[in-house]
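Reviewing the structure listed below.
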Amino acid sequence: MRVIAKSTIKNFWENPIYSDSQAALESWYEEVLKADCSSPQMLKDQYRNASICANNRVIFNIGGNKYRLVVEIQYQASIFWVKFIGTYVQYDQINVGEVNEY
0 MRVIAKSTIK NFWENPIYSD SQAALESWYE EVLKADCSSP QMLKDQYRNA
50 SICANNRVIF NIGGNKYRLV VEIQYQASIF WVKFIGTYVQ YDQINVGEVN
100 EY
């Protein structure tokens with residue numbers, strides 16, 4: 000899979016407030032680069048805790064459920080677009096199907 004964009008993820012963990020997310024986000028990034036997620040079912044088979052939502056959006060719990068990462072997936076093209084990264088509290092304030100912070 001391809002992730003658009005790693006710089007978005009890196010900018011998040013470089014913020015001193017969220018620096019504790021670095022290891023978990025780097026781990027997620029390296030893992031999804033190797034993933035084969037050509038369908039929602041394949042994604043769910045590999046990431047049982049991921050939540051599949053409307054508009055090809057998927058929510059990943061990061062850092063022991065401290066952070067949420069929302070991506071839009073184009074399954075046929077094997078692309079993850081980062082749409083939101085934030086804390087659990089920040090996540091509760093967004094509309095997952097429409098959020099597009101990046």
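Numbering follows numbering that gives the first Met the number 0, with no gaps: position 57 of the sequence shown is 56. Every residue gets a Cβ at the ideal spot worked out from N, C-alpha and C, and that includes glycine. For clarity, every value in this text was computed on a predicted model and none was experimentally measured.
Does residue i pass the burial test, meaning 16 or more other C-beta atoms within 10 Å, or should it be called exposed?
i   : result
G63 : exposed
S26 : exposed
K82 : buried
Cα separation between residue i and residue j?
i   : j   : result
S6  : Y17 : 15 Å
A22 : D44 : 23 Å
D19 : Q40 : 31 Å
P15 : I8  : 13 Å
D35 : Q92 : 31 Å
Y28 : E13 : 15 Å
Would residue i pass as a contact of residue j if the rule is Cβ separation under 8 Å?
i   : j   : result
G85 : C52 : no
R67 : Y90 : yes
I61 : I3  : no
V69 : V98 : yes
Y74 : F59 : no
F11 : L32 : no
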